[in-house]
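Heads up: the sequence shown runs through residues -29 to -1, 1 to 233, numbered per mature numbering (1 follows the signal peptide of the UniProt record, and there is no 0).
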Amino acid sequence: MAWKTSSLMQMYRFLLLVILSLPHEMTSSVLTVNGKTENYILDTVPGLEESLNCAVQNHTREEELLWYREDGRVDLKSGNKINSSSVCVTSISENDNGITFTCKLRRNQSTSISVVLNVIFPPLLSGNDFQTAEEGSDVKLVCNVKSNPQAQMMWHKNSGFLNLEKNHHQIQQTSEYLQLSITKVKKSDNGTYSCIANSLIETKTKDFHLIVKDKASSVPIEPVIAACIVVFLTLLFGLIARRKRMMKLCVKDKDLQSRTAL
C-alpha cells in the first residue's frame, strides 16, 4: 500500500512539473504594430508620413524581425531588426492606396501582422479634352477617374442634364472610368460634355468638347475610271490620226522630189 502511495506521489510530482513547464515552453511570441495585435487598416491622406513600429511580445529570446512591402523585402539597418523594428512611409500618394506592409518573425515567418494603407483622396479626372468626328461616325468619350472613396459619376451636356437617346447613347462605368458612346453622331451632338465625379470629399468636373463636321462628299470611283479611259483613248486616237497625216505628207514630198529629178 505504501509502495502504491509513493508511486502515485511521484506521478503527481511529474505531472505538476510538466504543467509548470508548459507556459515557458509553449508560449508563442506575438507581434504588434503600433500597439495593435491584429491586422488593421491605416487611414491616411496624400503628402503625409506614417511610421509603423513592429514589436515582439512574450519572447524568451532575442527575435529578428522582417518587413515586407507587398511581396518585396524592405531593407532594414542593423540596429532596427531585433525585438523591435520600424519603417517610415514618406510622401504618401494616391498610388499607395491599398499597399500592404507586413512584419514577420525571421525564425517563423508564419507569425506575422499586416497593415493596409487606406489613402483617402478626392477624384482625379483625365481624358482627351477635344475630339473631332465626321457626321455619321461613332464616338467614344472616356473620362478616367481615380478616387477613394469611390465617386458617383455622371455626364452632363452644355451645363445641363444629358438626355440619353436609345440606340444613340450608351454609358459604361467601372471603378476606373466613365465612358459615353455615341453611335452615328449628328450635328446636334456638337457641344461640351461634362464628366462629373461626386465623392464624400469633393466634387470634380472635367469638360470634353465634341465637334461634328460635315460628312465628306465621296466621289464615285466608277465614273472617274470611265472618264480616264475616255481621255486616254481620245489622246491615243489623236496621236494615231496625227501620225497618219504626217506619213501622207512624207509620201507627197517624196513624189514631188522624184518628179523634179526627172
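Built from N, CA and C at the ideal position, the CB exists for glycine as well.
- For T103, the CB contacts under 7 Å within the same chain, skipping 5 residues up- and downstream, are I182 and K184 in chain order.
- Here the alpha carbons of N129 and L112 stand approximately 15 Å from one another.
- When DSSP assignments are scanned along the segment 113 to 196, the uninterrupted stretches of beta strand (DSSP E) that are 3 or more residues long and fall wholly within it turn out to be 123 to 128, 140 to 144, 148 to 153, 162 to 169 and 174 to 184.
- If you compare the alpha carbons of V1, N138, E147 and T163 with that of I153, the shortest gap goes to N138.
- A Cβ-Cβ contact shorter than 9 Å links K75 with L37.
- Within the segment 61 to 104, the beta strand (DSSP E) runs of at least 3 residues that lie entirely inside it are, in chain order, 71 to 76, 83 to 90 and 92 to 97.
- With contacts defined by Cβ atoms closer than 9 Å, Q123 and S170 form a contacting pair.
- Going by beta carbons, S57 and N24 fall inside the 9 Å limit.
- Scanning the segment 8 to 52 for uninterrupted beta strand (DSSP E) segments of 3 residues or longer gives 11 to 15, 21 to 28 and 36 to 40, listed from N- to C-terminal end.
- Within the DSSP secondary-structure output, L2 pairs in a beta bridge with V27.
- Looking at the DSSP output, S57 sits in a beta bridge with N24.
- Straight across, the Cα-Cα distance linking S22 with G98 is about 36 Å.
- Out of P17, D46, T31 and S55, the CA that lies nearest to the CA of L2 is found in S55.
- The beta carbons of V45 and E105 sit no closer together than 9 Å.
- Taking a 10 Å sphere around the C-beta of E34, we find 16 or more other C-beta atoms and assign the residue as buried.
- V110 is bridged by DSSP to I153.
- In this structure, the beta-carbon distance from Y148 to N119 does not fall below 9 Å.
- For P94 against I63, the beta-carbon gap comes to about 18 Å, at or over 8 Å, which does not count as contact.
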